[in-house]
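K.L.:
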Amino acid sequence: MTQNIPLPPKGAKSANGRATASCYCSAIQLEFPTEGKDLVDTFLCNCTDCRKITASMFASNFIVNDSALTHLRGQDKLTKFSQDKTIESGNNMANYFCSKCGTLMYRVSSGFPGKSIMRIGTIDDFTLHETLLKPRIEQFTKDRVSWLAGAKGVEQHEKAYF
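Numbered continuously in the working numbering, the sequence shown closes out at residue 398.
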């Protein structure tokens, strides 16, 4: 018998400068900062690596310091996939997926030790997508598909910003 795991409740909230992110099946949940020095930045990426790993035209991301990232549940459900030299810098990018539903939870680059690149779409409190965690940067605009306009009010960079 398969047990269904509910998605986070509608209207999930964040509090005290922290919020949660979960995978599609809710087996994994992380807690992270929404402000201060441990929230490094928020950005959109149009690079070919992000396009392939997300199966989309761009990735919406935010970076947090690992010291402020807490695994609330499901750390044992994370599966790591890594390849060398798929990103322009030549660094290694390790990808952490839910082994049950396949959601990409975060990435770790050898070029940014001590930091995790998380996915805005995994955030449980959807109001944060439009407020505190709205992307500030859009990078690799040179690789953006021609039928997609740049994000409004977001700083544009033709190549890597980070």
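Note that CB positions come from ideal geometry on N, CA and C, so glycine has one too.
Rank Ala-263, Asp-320, Thr-358 by C-alpha distance to the C-alpha of Ala-255 and give the top, closest one.
P.N.:
Comparing Cα positions, the closest option is Thr-358.
K.L.:
The alpha helix (DSSP H) spanning Asp-360 covers which residue range?
P.N.:
Counting along the chain, Asp-360 falls outside any alpha helix (DSSP H), and DSSP gives it neither H nor E.
K.L.:
Does the beta-carbon distance from Ala-265 to Leu-305 come in below 7 angstroms?
P.N.:
For the record, residue 265 in the displayed sequence is Gln; it is not Ala. It is not a contact, given that the beta carbons lie outside the stated cut-off.
K.L.:
Can you list, in chain order, the residues of its chain whose CB lies under 6 angstroms from that of Leu-314, leaving out five sequence neighbours each side?
P.N.:
These residues qualify, in order along the chain: Tyr-332.
K.L.:
I'd like to confirm the pairing. Which residues does DSSP put opposite Met-329 in its beta bridges?
P.N.:
In DSSP, Met-329 forms a bridge with Gln-319, Ser-345.
K.L.:
Around the Cβ of Glu-374, are there at least 16 other Cβ atoms within 10 angstroms (buried) or fewer (exposed)?
P.N.:
That one is buried.
K.L.:
Determine the DSSP secondary structure at Cys-334, reduced to helix, strand or coil.
P.N.:
Reduced to three states, the DSSP call for Cys-334 is strand.
K.L.:
Would Ala-396 be called buried (16 or more neighbouring beta carbons within 10 Å of its own) or exposed?
P.N.:
Ala-396 comes out exposed.
K.L.:
Tell me, to the nearest whole angstrom, how far the beta carbon of Ala-295 is from that of Lys-316; I am working on the premise that it is less than 8 angstroms.
P.N.:
Not a contact, Cβ separation roughly 18 angstroms.
K.L.:
Cutting at 6 angstroms between CB atoms, please list the residues of its own chain near Ile-299, excluding the five before and the five after it.
P.N.:
Cβ within range, chain order: Val-276, Asp-277, Lys-351, Ile-353.
K.L.:
Taking DSSP as the reference, what is the three-state secondary structure of Asp-312?
P.N.:
Helix at Asp-312.
K.L.:
Since Asp-277 is in the beta strand (DSSP E), which residue starts that stretch and which ends it?
P.N.:
Note, Asp-277: beta strand (DSSP E), 275-281.
K.L.:
Identify, in the order they occur along the chain, each residue of the same chain with its Cβ nearer than 7 angstroms to the Cβ of Thr-339, setting aside the five sequence neighbours on each side.
P.N.:
Only Cys-259, Tyr-260, Phe-333, Thr-358 meet the Cβ criterion.
K.L.:
Kindly indicate the opening and closing residues of the beta strand (DSSP E) around Arg-287.
P.N.:
Segment 284-290 is the alpha helix (DSSP H) holding Arg-287; no beta strand (DSSP E) there.
K.L.:
Straight-line CA distance for Ala-385 to Asp-379?
P.N.:
Straight-line Cα distance between these residues: approximately 12 angstroms.
K.L.:
Would you list the residues sitting across from Asn-297 in a DSSP beta bridge?
P.N.:
Looking at the DSSP assignment, Asn-297 forms a beta bridge with Phe-279, Arg-355.
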